[in-house]
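A short worksheet on the structure shown next.
2 protein chains.
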Amino acid sequence: MKQTMHDALVLRPGPVVLAGYETSSKPLADVRGDKGQLEQSQVLTELQSMLYAEGAHGSRRRVLLVLQGMDTSGKGGVTNHVVGSVQPIGVQYAAFKKPTEEELAHDFLWRVRQRLPGPGVIGVFDRSHYEDVLVPRVHRTLTDAELELRYAAINEFEREITAAGTTVVKCFLHISYETQRERLLARVDDPRKRWKFDEADLAERALWSHYTLAYEAVLERCHTDVAPWFVVPADSKKYRNWAVGQLLRETLEAMDLHYPQPALDWNEIRELLTSEAPRPSVGTQEQGDGQGGE
Amino acid sequence: MKQTMHDALVLRPGPVVLAGYETSSKPLADVRGDKGQLEQSQVLTELQSMLYAEGAHGSRRRVLLVLQGMDTSGKGGVTNHVVGSVQPIGVQYAAFKKPTEEELAHDFLWRVRQRLPGPGVIGVFDRSHYEDVLVPRVHRTLTDAELELRYAAINEFEREITAAGTTVVKCFLHISYETQRERLLARVDDPRKRWKFDEADLAERALWSHYTLAYEAVLERCHTDVAPWFVVPADSKKYRNWAVGQLLRETLEAMDLHYPQPALDWNEIRELLTSEAPRPSVGTQEQGDGQGGE
Numbered sequence: 012m013k014q015t016m017h018d019a020l021v022l023r024p025g026p027v028v029l030a031g032y033e034t035s036s037k038p039l040a041d042v043r044g045d046k047g048q049l050e051q052s053q054v055l056t057e058l059q060s061m062l063y064a065e066g067a068h069g070s071r072r073r074v075l076l077v078l079q080g081m082d083t084s085g086k087g088g089v090t091n092h093v094v095g096s097v098q099p100i101g102v103q104y105a106a107f108k109k110p111t112e113e114e115l116a117h118d119f120l121w122r123v124r125q126r127l128p129g130p131g132v133i134g135v136f137d138r139s140h141y142e143d144v145l146v147p148r149v150h151r152t153l154t155d156a157e158l159e160l161r162y163a164a165i166n167e168f169e170r171e172i173t174a175a176g177t178t179v180v181k182c183f184l185h186i187s188y189e190t191q192r193e194r195l196l197a198r199v200d201d202p203r204k205r206w207k208f209d210e211a212d213l214a215e216r217a218l219w220s221h222y223t224l225a226y227e228a229v230l231e232r233c234h235t236d237v238a239p240w241f242v243v244p245a246d247s248k249k250y251r252n253w254a255v256g257q258l259l260r261e262t263l264e265a266m267d268l269h270y271p272q273p274a275l276d277w278n279e280i281r282e283l284l285t286s287e288a289p290r291p292s293v294g295t296q297e298q299g300d301g302q303g304g305e
Numbered sequence: 012m013k014q015t016m017h018d019a020l021v022l023r024p025g026p027v028v029l030a031g032y033e034t035s036s037k038p039l040a041d042v043r044g045d046k047g048q049l050e051q052s053q054v055l056t057e058l059q060s061m062l063y064a065e066g067a068h069g070s071r072r073r074v075l076l077v078l079q080g081m082d083t084s085g086k087g088g089v090t091n092h093v094v095g096s097v098q099p100i101g102v103q104y105a106a107f108k109k110p111t112e113e114e115l116a117h118d119f120l121w122r123v124r125q126r127l128p129g130p131g132v133i134g135v136f137d138r139s140h141y142e143d144v145l146v147p148r149v150h151r152t153l154t155d156a157e158l159e160l161r162y163a164a165i166n167e168f169e170r171e172i173t174a175a176g177t178t179v180v181k182c183f184l185h186i187s188y189e190t191q192r193e194r195l196l197a198r199v200d201d202p203r204k205r206w207k208f209d210e211a212d213l214a215e216r217a218l219w220s221h222y223t224l225a226y227e228a229v230l231e232r233c234h235t236d237v238a239p240w241f242v243v244p245a246d247s248k249k250y251r252n253w254a255v256g257q258l259l260r261e262t263l264e265a266m267d268l269h270y271p272q273p274a275l276d277w278n279e280i281r282e283l284l285t286s287e288a289p290r291p292s293v294g295t296q297e298q299g300d301g302q303g304g305e
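Next comes the structure, spelled out in structure tokens:
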């Protein structure tokens, strides 16, 4: 049987050591290049169109793509690729930045709940509730016991939304320290990208190994049957986009989607539409004086 | 001086009679075909990227594209085209359907305010607050005096958001009665599109002339200096997408956008990044036993 991208990238059992995961490997990379990309894009478009159609006809199913990773790992790039592949009206994008005062006044899952996708929609989270365990661990603003409570709350939350019809696809975009250096330098050297650079990025980069440990903990604690983690090698932008596209494709294929066929009398409707008077002028019925046509 | 799409499609002064506006004409259509489309898409991508960058650096400017039109006029199609042309992370899409109980419990502008785009973002409204004057007029659920109050409230609302940094681009996608027939028949005849068909669509189609009058009133009453209406001939999907893309392009060009250049010592940052130790392994610093590499 053909190996799936799900199989190839799913987190391996046991203690998580990210150094054991390649950042530049390309499992199940497509050898067809642009041709494969085009095919993926067409298949995704069709699948997502069916998901959306089902949502419009009462299905509760939806997909939540959670993107996590170090700065420059490509969360925005994946979003652009995935959303660019499908009809944007069926995708809902949400970026989670540093929490606001209002957000901090609530439970940490509050802001995330508000931006969950509706039925038929693919939600994309650029960062997520995982920031609320990563950052507090690295900056030591929560105790280990408090972190454990949050891991449990996240698992419960993901179990709850899965039961309500959401398929959750969690991707850790895995880049090397060297790749981040190159991408930060690219920002420094390109006047069109300098606006993305923030001095705070350097301070966070200095905490790379602390973030690595925080990610290892989170991957281990929040990898569940209903919402598993995938580790996506992300040194190559092209491969990263392809791999996430494949994860999404497999997810949608497994849902066995179909275009709803409303139980209407199509012959009668066709007859009604074709038997109308040919081409009445716009708006002249009530005006009756034929003042149209400039 | 070159004529702009703004000039070509802006609502003409005086009483509005939609029969006087062609649905199949193609003012300023691009003769370059796919080449022109590609260029438009590239220019839009760059302009929107600058708008987004300015938003990330404190600018309050943003764009709101309001799409109105009869059923099948292409509000979703324009959205897909426009959003497909630019980076999706800088676009926020909002569709307004029949108001919910909660929405009806508030002022009619309440739900619209909640979905206004943030700084740097292009908001796309697929239907909008205009539904709340169109439908009540056609179905006679509001008196003329109540409608006048809503027109005034809309003008005041658009003046307020414009003053706060939003450029509003309002497009009426103008199709003929015959084009709607063809598109509804296409839904009937294609099992992949039947899910979009709703018997209520036929009832609304029967009210075509009433909707035309309602649109004429709304175009006339809510066409202001700060938020003018554009009438986009929309019998041709290709032209319709091109024309809205051009309106957006001209809007963004007039904003004189630039990539922010943060006042940082770029040489120092470049030096910091390049003088680091070459390629530290991920996560091994703290673990120290080199158990990486599977």
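Which chain is which? The protein sequence lines are A and B, in order. In this text, residue positions in the first sequence follow this note's numbering: the first is 12, and each later residue adds one. In this text, residue positions in the second sequence follow this note's numbering: the first is 12, and each later residue adds one. All residues carry an ideal CB built from backbone N, CA and C; glycine is no exception. All of these numbers come straight from a predicted model, not from anything done at the bench.
Legend entry - Rounded distance between the beta-carbons of V97(A) and Q59(A), thought under 8 Å: 4 Å
Inset, instruction - Give a yes or no on whether 7 Å exceeds the smallest Cβ distance from W277(A) to chain B. - result: yes
Legend entry - Beta carbon proximity, R73(A) to chain B, threshold 7 Å: no
Legend entry - Whole-Å CB distance - S187(B) paired with T34(B), under 8 Å assumed: 4 Å
Inset, instruction - Can you have a look at T111(A) and say buried or exposed, based on whether 16 or more other CB atoms are within 10 angstroms of its CB? - result: exposed
Legend entry - Partner residues on chain A for Q272(B), Cβ-Cβ distance less than 8 Å: P202, R205 and W206
Legend entry - Any C-beta of chain B under 7 Å from that of L127(A): no
Legend entry - Residue range of the unbroken alpha helix (DSSP H) whose run includes V255(B): K248 to E264
Inset, instruction - Return the CA-CA distance between D118(B) and T173(B), expressed in angstroms with no decimal places. - result: 20 Å
Legend entry - Closer than 6 Å: Y222(B) CB and nearest the ligand ATP heavy atom: With respect to the ligand ATP, the structure offers nothing, as it holds no ligand at all.
Inset, instruction - Decide yes or no for the touch test of the segment 138 to 150 of chain A against the segment 211 to 228 of chain A: beta carbon pairs closer than 8 Å, at least 3 of them. - result: yes
Legend entry - Alpha-carbon to alpha-carbon, C233(A) and A19(A): 19 Å
Legend entry - Length of the line joining the Cα atoms of A164(A) and V74(A): 20 Å
Inset, instruction - Evaluate contact between the segment 39 to 48 of chain B and the segment 62 to 70 of chain B, counting only Cβ atoms and requiring at least three cross-stretch pairs below 8 Å. - result: no
Inset, instruction - State the Cα-Cα distance for the pair V27(A) and V21(A), rounded to the nearest angstrom. - result: 12 Å
Legend entry - Under 8 Å (Cβ pairs) to chain B, residues found in the segment 89 to 101 of chain A: T90, N91, V94, G95, Q98, P99 and I100
Inset, instruction - Note down, in chain order, every chain A residue with its Cβ under 8 Å from the Cβ of H150(B). - result: The contacting residues do not exist; H150(B) stays about 16 Å from chain A at best.
Legend entry - For W240(A): DSSP bridge partner residues: K181(A)
Legend entry - Within-7 Å CB hit, A197(B) to chain A: no
Legend entry - Beta carbon of K86(B) nearer than 7 Å to that of D137(B): yes
Legend entry - Closer than 7 Å at the beta carbon, the chain B residues around H17(A): Those do not exist, as H17(A) stays about 20 Å from chain B at its closest Cβ, beyond 7 Å.
Legend entry - Among S70(B), D200(B) and E57(B), the one whose alpha carbon lies nearest that of W277(A): D200(B)
Inset, instruction - Answer yes or no: do Y79(A) and F183(A) have a C-beta to C-beta separation smaller than 7 Å? - result: According to the sequence as given, residue 79(A) is Gln; it is not Tyr. Yes, Cβ-Cβ distance for Q79(A) and F183(A) is below 7 Å.
Legend entry - N- and C-terminal bounds of the beta strand (DSSP E) containing L76(A): R73 to G80
Legend entry - I100(A) in three-state terms, based on DSSP: helix
Inset, instruction - Count the other C-beta atoms from every protein chain shown that fall within 10 angstroms of the C-beta of D143(B), then say buried if there are 16 or more, exposed otherwise. - result: buried
Inset, instruction - Give the residues from the segment 135 to 168 of chain A that approach chain B closer than 8 Å (Cβ to any Cβ), ordered along the chain. - result: D137
Legend entry - Beta-carbon proximity list for Q191(A), same chain, < 7 Å, skipping 5 on both sides: M81, D82, T83 and R216
Legend entry - Neighbour-count burial assignment, H269(B), 16 or more Cβ in a 10 Å radius: exposed
Inset, instruction - With a 10 Å radius around its C-beta and 16 neighbouring C-beta atoms as the bar for buried, classify P128(B) as buried or exposed. - result: buried
Inset, instruction - Let me know if K13(A) comes out buried or exposed under the rule of 16 or more other beta-carbons within 10 Å of its beta-carbon. - result: exposed
Inset, instruction - Please check if any C-beta of chain B sits within less than 7 Å of the C-beta of R232(A). - result: no
Inset, instruction - Figure out for me which residue from L115(A), L213(A) and V77(A) has the closest Cα to the Cα of Q103(A). - result: V77(A)
Legend entry - DSSP bridge partner residues for G4(A) (one or two, in chain order): Not covered by the structure: residue 4(A). The range shown for chain A is 12 to 305.
Inset, instruction - Have a look at the DSSP bridge pairing and note the partners of D143(A). - result: D143(A) pairs with nothing; no bridge assigned.
Inset, instruction - Could you spell out the range, first to last residue, of the beta strand (DSSP E) harbouring G134(B)? - result: I133 to D137
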